[in-house]
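For the sequence shown, this note's numbering begins at 6 and goes up steadily by one. A virtual CB, placed ideally from N, CA and C, is assigned to each residue, including glycine. Note that this is a predicted model, so its numbers are computed, not measured.
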Amino acid sequence: MSGTDALRQWHELQVSQLELEVQSAALAELERQKREVEQGLLRYAGLFDQAPVCYLALARDGMIAGANRAAETLFSMPLQDLPGQPVERFLAPASQQSLRQLLASLHADGGSAAIDAHLFQGIGGGRVHIEANLDHAGEAFRMVISEVRSHQQNDAALRRAFAVLDNLGEGVAVADADGAIVAVNPAFSAISGLTDVKAIGSDLAELCGAETALKVLAGGNWQGELSGRRPDGGDYQTTLSLRTLAGPDGGVAGVVAVLSDISRRKQAESALQDLHRNLETRVVQRTAELLHANGQLRQLSAHMAAVKEEERKRIAREIHDELGQNLLALKLDIAQLNERMTGRQTRFARRVGAALENIDATLRSVRGIMNELRPSVLDLGLAAALEWLVNDFRHRSSLHYELALPGEAVLAAIDSETSLVLFRIVQEALVNVLRHSRAAQVAVRLGLEQDVILLEVEDNGIGIAPACRERPGSFGLIGMQERVDALHGSFALNDYEPGAGCCVTVRLPL
């Protein structure tokens, strides 16, 4: 694995770890919010179930779809038996027509209407007040039925209602028709920091703003989020719901304000946003570090390639100057000795001939090693070097080779560094063709395309599968890529198709 791949994997692991941290924090926050919602639903379900007045949900045909426990007491029927019962059956015959007219008058705008009626004599025949509205979908009625009781009964009901409010987790404040707060529950004091002594008598506008208070007192409802500051200097954030209370004449008798503390949720959202911003910052930093490291690796790779070429050149020169010259001098001496032995069939003469042949073989090996290190033909130009290279591979294999070169003007414009890179890429590509491609022919094409040097080495072999391109220990393609990157060019392989061959394409700026 190259240093670039290792750094890329390290960067990806770092980013994955950061993403996992954010996801874990988000999941924990979602789980906490889910628990709060479930707890809130349980509280509201308990409030609905334990409310002192009868709540009903009716289908459009007047059949009961849902009810609370107060309905069980009012109608003297088990709660589980109420769904599916027509609500009319629980009213006195004289009141049933009024109920039908009430339901027929409702519209899906949320507006409500009310009548007074009497229950069926069989369940007590008491007088009740019925208030109903139609949901916004126009599919169901919501109905509240309360008994019209004596003052003593009303006082007892109020005490029970206030007992429920005192134990409710949401803050509740009640204001009169002028907007003056007349009652609060303990949860309201806990959220706002205002004791009941300070809260009672204050203006509703101080809680929600003058504009919102005027709108609600004029007969509207309002719901939204509210931020405030407690007397001790602490901040709080809540959802606020304002609902009007209807008076006997149909006007606004007061306003009920319900506050739910969302400070912890907002803090968690803020912390999550900070975590996201921190993640983005860290990702940007990691990316910058990776780009910097990649740049350094590219520079190091280019430097190592240059050092490698210089070392090859130095070794080839020393082999030529030292070993080659010594072998050549030795050959001349042995050749002279061999001439003196001409015509003789002695054992010594045969040994001299064999030594001369060994020296010739050694000289050929030395020339091959020097050409592998750095062919001297490179000094004659890129065209001569590529022709020599292709001819060398043609002699070493049975493949059919084609070489296409541009004109002298283009070749003359290619500097020595670029020429060396192109030569090495062709050399590496041909070695890969011989070793792996199972090809029958290979073409090397060099040309100019819009002021860009274009090199293609194409064969008709089996191609290079993606798994082979990324196989550990395969540095041929990586080396080509690094050489091209060092000259700010582009390196590409054709898309893999089994049996369609392989084409190496290199583009370098002229």
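Asked, Found
"Which residues DSSP lists as bridging I4, in chain order", "Because the chain here runs from 6 to 515, residue 4 falls outside it and cannot be looked at."
"CB of L387 within 7 Å of CB of I419, strictly", "yes"
"Any non-hydrogen atom of the ligand GTP within 6 Å of E323 CB", "Judged by which ligands are present, the structure shown has none, so any question about the ligand GTP falls away."
"The stretch 135-152 in contact with the stretch 219-239 per 3-pair CB rule at 8 Å", "no"
"Residue nearest to G484 in terms of C-alpha spacing, selected from K313, Q446, V395, S421", "K313"
"Residue span of the beta strand (DSSP E) that contains M148, given as start and end", "145-152"
"Same chain, Cβ closer than 8 Å to T367, neighbours up to 5 away in sequence not counted", "L332"
"CA-to-CA distance, R450 to L459, given in whole angstroms", "8 Å"
"A180 beta carbon less than 7 Å from that of I186", "yes"
"Assigned exposure category for Q521 - 16 Cβ within 10 Å defines buried", "Lying before the first or after the last residue shown, residue 521 is absent from the chain, which here runs from 6 to 515."
"Of the listed residues I320, Y60, L79, nearest to G71 (C-alpha basis)", "Y60"
"Member of G452, L250, N465 whose CA lies at the smallest distance from the CA of V261", "L250"
"Test item: CB-CB of G176 and I196 under 7 Å", "yes"
"D279, DSSP secondary structure in three states", "helix"
"Contacting residues, own chain, Cβ-Cβ under 8 Å from G89 (five flanking each side not counted)", "M68, I69"
"Cβ shell of R369 (< 8 Å), same chain only, five flanking positions each side left out", "none"
"Same chain, Cβ closer than 7 Å to T200, five either side skipped, listed in chain order", "S194"
"In DSSP terms, what E136 is bridged to", "A119, V149"
"Residue span of the beta strand (DSSP E) that contains T347, given as start and end", "No beta strand (DSSP E) contains T347, which DSSP labels as neither H nor E."
"Pair within 7 Å by beta-carbon distance, T292 and I267", "no"
"Nearest-angstrom Cα separation, counted from Q272 out to R287", "22 Å"
"Residue(s) in a DSSP beta bridge with D464", "V447, C507"
"Identity of the residues DSSP links to M68 by a beta bridge", "P91"
"DSSP beta-bridge partners of E407", "A448"
"Assigned exposure category for L79 - 16 Cβ within 10 Å defines buried", "buried"
"Where the alpha helix (DSSP H) containing D397 begins and where it ends", "387-401"
"Runs of alpha helix (DSSP H) lying entirely within the stretch 208-244, each at least 4 residues, in chain order", "210-213, 215-222"
"Helix, strand or coil at A262 [DSSP, three-state]", "strand"
"7 Å Cβ shell around G224 - same chain, five flanking residues per side excluded", "T249, V257"
"Start-to-end residues for the alpha helix (DSSP H) that takes in L427", "421-437"
"Sequence-distant residues of the same chain with beta carbon closer than 8 Å to V153, five excluded per side", "D121, G131, R132, V133, H134"
"First through last residue of the alpha helix (DSSP H) which encompasses S3", "Given that the chain is displayed from residue 6 to residue 515, the structure contains no residue 3 and the question cannot be resolved."
"Three-state secondary structure (DSSP) of F80", "helix"
"Alpha helix (DSSP H) segment containing L104, residue limits", "98-109"
"Among L96, C508, V462, D114, the one whose alpha carbon lies nearest that of I150", "L96"
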